[in-house]
Amino acid sequence: MQAKFGDEVTDTNNSKSRVFAVGRAFAVLLAAMFMFSAPGNAQAADSDNSIIVSVQNQTNNNGVSEKKPVVGVKISVTDPAGIAVGEGVTDSVGSVTIPVPAKDDYVVTLDVASLPSGVTLIEGTKTVVNIVKDAFTTNAKRVTFFAGTSGESGASLMDRIAQRLVDGVRLGLIIAICSVGLSLIFGTTGLTNFAHGEMVTFGGLIAFWFNVLLGIPLLIAAPIVIALGGVLGLAMNGVIFAKLRKRGIGLISQLVVSVGLSIMLRNMYLYQFGGRTRPLDDFSLQVAKHFGPVSITMRDLSTTIISFIVLMGVAGYLQRSRTGKAIRAVSDNPSLASSTGIDTQKIIRIVWFAGGALAAMGGVFRGLDEQVGFEMGSGLIFLMFAGITLGGLGSAYGALVGGFLVGLLVELASLVVPAELKNAPALLILIIVLVVRPQGILGRKQRVG
Amino acid sequence: MDIIKIIENTIAAFFGIDAAYFALAAIGLNIQFGYTGLLNFGQSAFMACGAYGLGMTSQYFGVGMWWGILIGLALVVILGLLVGIPTLRLRADYLAIVTIATAEIVRLVVRSVRFKQYFGGSDGINSFSASFRNLSPFDPGAQYGIRPFQYSGYSLWTMIVGWSLVIIFSSLVYMLMKSPWGRVVKAIREDEDAVRSLGKNVYSYKMQSLIIGGVVGMFSGMIFALDRGSVQPDNYSRDVTFYVLTALVLGGVAKVRGSVIGPMMFWGLYVFSDNFLRELTKDKPFNLFGIGIIQKSQVGPVNYMLIGLGLMLLMTIRPQGVFGSKEEMALDGR
């Protein structure tokens with residue numbers, strides 16, 4: 014639409030063309046947004062203010078915690094003075110949305126008598142929850158009551174470790190896939206790209222769009238999604254970061270620009286997709302199969318195997334192919350590589366394309382693994398940073414090894430620390446690595462300076 | 002569309018309590034990022050130190066609220082050492098990654114069920130501000146001032162305290178940066194090796210700068226918590242740091258007046274955009290050429306999209322912001 018602007022970039026008119034560069038980026042993104050806006054528009058029409066209460070029965074099946082919705086539980090909402098505001102009964106997914114007039118203080122009460130027979134709240138769970146005004150970070154405040162027994166019981170320690178190892182391998186492979194691009198982009202351009210998590214989210218959301226809203230089978234949609242992820246990477250580089258590099262804008266500035274990009278994209282996803290997380294259609298309902306002490310769904314087993322093959326492919330490509338060698342050369346020393354006749358800018362474009370495609374693939378896998386939501390990638394970015402720092406910033410293989418180890422660590426940590434804190438040890442490892450061996454496992458010392 | 006209301010709210014936002022606590026956070030970040038060149042992406046964690054230091058006093062330790070300042074200071078020092086020791090010797094982006102990761106750990110811990118008895122989980126902590134409330138010379142029920150500057154007694158009290166702190170700390174920073182200490186710190190931003198060759202302990206100066214900036218950030222968190230009367234873990238997410246950074250860049254990095262007026266402009270613009278879009282979508286979704294552009298529930302995301310876009314544009318077109326000078330920006334990484 015505005016293709017004319019970018020082609021006539023001249024150095025005499027610096028700031029003006031800079032406006033165009035970013036303006037154009039926004040125009041392209043806006044266009045992209047409205048492109049996928051058409052069918053999804055009704056999605057965001059959540060009511061103005063509401064309290065969403067969900068009642069879940071948590072059971073432990075061989076160390077795997079499963080949540081089952083509890084249906085038909087009476088929930089009432091009153092104001093602090095005890096005057097009724099609204100009430101409702103949980104539906105088939107164990108959830109009920111009670112509209113409230115404003116973001117204010119409320120008291121949510123669960124009617125214990127309405128719990129189905131045999132279901133009790135977890136010890137220590139209150140039946141009354143007080144909500145204060147500031148707890149409404151969005152228009153909808155979520156409250157969850159947990160029923161059933163808490164804690165992991167029934168499975169022996171070894172069985173639980175085995176299960177966590179399998180889960181950890183799965184998560185580790187996904188993190189590795191997502192962070193290869195992050196590390197290679199850092200290696201080749203020096204940019205610490207805070208918007209990389211949004212590339213992962215992009216993959217998940219576009220997969221959702223194809224699969225759920227358009228009804229295209231995921232197996233057909235996934236390759237398209239991955240290609241689109243690559244195009245997004247190319248666009249980020251071409252429209253924003255290549256322009257910034259060309260003008261000699263410092264790396265810290267570029268980093269802050271990527272922060273702005275991340276905020277913008279994340280809220281674009283929120284704008285379009287709404288705040289809920291949702292599952293993909295295909296392969297979402299699968300029963301776990303048991304292999305000895307370990308249970309895993311065929312879906313997760315397949316994504317694990319595919320991830321492994323892809324990562325081996327990436328490693329082989331970097332090791333053997335001509336382009337792969339060039340990528341490593343640029344990553345090692347951009348100016349030396351360029352003086353040996355390697356087209357650095359071309360290599361950077363390849364890296365952005367591949368990084369975006371791999372991130373989108375990671376997003377699809379993550380969407381299958383968990384659910385799709387506007388924050389799915391930005392939640393992973395910390396683990397990705399931990400992974401590439403552990404492996405060695407800028408080192409191609411470092412991202413593979415580090416990402417894998419971090420995923421493993423996160424799942425194993427949940428044996429020791431509460432599940433809600435399982436990311437914390439990985440982030441602590443990040444700090445410890447920087448004290449002990451700042452260049453990471455595979456990094457070279459000189460990079461750290 | 003109620004244009005008068007939009008304008009009134011916008012003008013009020015320039016001087017509101019949100020601008021005050023943002024200004025404090027930005028003054029702190031300015032010491033670290035603007036003057037020393039430390040890319041602290043965890044300012045929200047330092048703010049949380051203040052808020053939780055205050056909240057935990059009455060709730061769990063049973064001591065007076067004023068101990069909260071001491072507890073907060075202790076937490077800030079611990080946090081500063083924790084992120085500073087591994088990263089201050091390394092390149093700037095390492096500090097960015099570690100501070101943002103630490104801020105995330107802090108948020109995870111304070112909102113966790115496991116530590117609920119200390120930090121109140123996702124409900125946060127309420128009812129700790131009584132002794133601050135009692136100090137107020139104003140009648141909490143009454144309304145003071147004339148529109149658009151009309152406040153309840155308690156809001157007026159927090160605003161006066163907040164803006165006084167802004168004035169105190171901005172004057173202190175102004176004097177500090179004129180002092181020998183400030184000159185060393187600015188020299189570190191320009192050329193670390195040169196400063197080292199003059200026999201200065203760069204590492205120690207950076208650490209001091211990180212902690213001093215954190216302490217100012219701590220007061221920001223306290224004012225915010227006192228104004229709301231509650232501490233909520235999700236108010237200290239990483240995005241808060243980024244918004245403070247945006248406000249600082251808007252005003253002008255490495256300038257005292259930039260760090261104060263930037264947040265005022267930031268909140269003025271934010272409230273204007275928010276009020277405008279809400280008025281626009283009040284009755285029905287806003288359409289352009291038959292395409293639904295924005296509806297009520299999308300106002301929030303659109304505001305934040307604009308902040309993100311604003312940050313990108315600022316950094317590319319005018320990185321020195323309104324008051325800054327380009328020479329004073331530490332923007333080279335490698």
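Residue numbers (my numbering), protein chains in the order written: chain H, 14 to 462; chain W, 2 to 335. Cβ atoms here follow ideal geometry from the backbone N, Cα and C, with glycine treated the same way.
Could you check which residue in the options has the C-alpha nearest to that of residue i?
i: residue 305 (chain W); options: H:188, H:209, H:231, H:282; result: H:282
i: residue 190 (chain H); options: H:111, H:302, H:325, H:345; result: H:325
i: residue 275 (chain H); options: W:320, W:204, W:311, W:114; result: W:311
i: residue 285 (chain H); options: H:214, H:239, H:106, H:273; result: H:214
i: residue 201 (chain H); options: H:250, H:174, H:114, H:240; result: H:250
i: residue 391 (chain H); options: H:210, H:441, H:173; result: H:210
i: residue 192 (chain H); options: H:398, H:425, H:431; result: H:398
i: residue 275 (chain W); options: W:321, W:241, W:297, W:285; result: W:297
i: residue 209 (chain W); options: W:124, W:328, W:185; result: W:185
i: residue 244 (chain W); options: H:277, H:172, H:263; result: H:277
Between residue i and chain W, is any beta-carbon pair separated by less than 8 Å?
i: residue 330 (chain H); result: no
i: residue 342 (chain H); result: no
i: residue 205 (chain H); result: yes
i: residue 383 (chain H); result: no
i: residue 395 (chain H); result: yes
i: residue 214 (chain H); result: no
i: residue 301 (chain H); result: no
i: residue 398 (chain H); result: yes
i: residue 152 (chain H); result: yes
For chain H, is any of its Cβ atoms less than 8 Å away from the one on residue i?
i: residue 176 (chain W); result: no
i: residue 271 (chain W); result: no
i: residue 191 (chain W); result: no
i: residue 44 (chain W); result: no
i: residue 95 (chain W); result: yes
i: residue 105 (chain W); result: yes
i: residue 57 (chain W); result: no
i: residue 86 (chain W); result: yes
Put residue i into one of helix, strand or coil per three-state DSSP.
i: residue 217 (chain H); result: helix
i: residue 50 (chain H); result: Residue confidence for residue 50 (chain H) is low, a pLDDT of 42 falling below 50, so the modelled location carries little weight and cannot support an answer.
i: residue 353 (chain H); result: coil
i: residue 317 (chain W); result: helix
i: residue 276 (chain W); result: helix
i: residue 1 (chain W); result: Residue coverage of chain W in this structure runs from 2 to 335, which leaves residue 1 (chain W) outside it and unanswerable.
i: residue 153 (chain H); result: strand
i: residue 262 (chain H); result: coil
i: residue 81 (chain H); result: strand
i: residue 70 (chain H); result: strand
i: residue 147 (chain W); result: coil
i: residue 134 (chain H); result: strand
i: residue 160 (chain H); result: strand
i: residue 63 (chain H); result: strand
Near residue i, which residues of its chain fall below 7 Å by C-beta distance, leaving aside the five closest residues on each side in sequence?
i: residue 235 (chain H); result: 220, 377
i: residue 101 (chain W); result: 42, 43, 239
i: residue 155 (chain W); result: 134, 137, 141
i: residue 17 (chain H); result: Confidence at residue 17 (chain H) is low in this model, with a pLDDT of 37, below 50, so its placement is unreliable and the value that follows should be read with caution. Counting only Cβ-Cβ distances below 7 Å, and skipping sequence neighbours, we find nothing.
i: residue 230 (chain H); result: 295
i: residue 158 (chain W); result: 137, 139
i: residue 299 (chain H); result: 310, 311, 312
Are residue i and residue j close, meaning C-beta to C-beta below 8 Å?
i: residue 20 (chain W); j: residue 265 (chain W); result: yes
i: residue 32 (chain W); j: residue 217 (chain W); result: yes
i: residue 254 (chain H); j: residue 407 (chain H); result: no
i: residue 343 (chain H); j: residue 318 (chain H); result: no
i: residue 196 (chain H); j: residue 409 (chain H); result: yes
i: residue 437 (chain H); j: residue 422 (chain H); result: no
i: residue 454 (chain H); j: residue 414 (chain H); result: yes
i: residue 241 (chain W); j: residue 113 (chain W); result: no
i: residue 120 (chain H); j: residue 152 (chain H); result: no
i: residue 89 (chain H); j: residue 110 (chain H); result: no
i: residue 223 (chain W); j: residue 65 (chain W); result: no
i: residue 18 (chain W); j: residue 215 (chain W); result: no
Could you name the residues of the same chain whose beta carbon sits closer than 6 Å to that of residue i, not counting the 5 residues immediately before and after it, in chain order?
i: residue 271 (chain H); result: 206, 207, 208
i: residue 417 (chain H); result: 185, 189
i: residue 69 (chain W); result: 54, 55, 58
Could you name the residues of the same chain whose beta carbon sits closer than 8 Å to that of residue i, not counting the 5 residues immediately before and after it, in chain order?
i: residue 291 (chain H); result: 221, 225, 384, 385, 386
i: residue 244 (chain H); result: 366, 369
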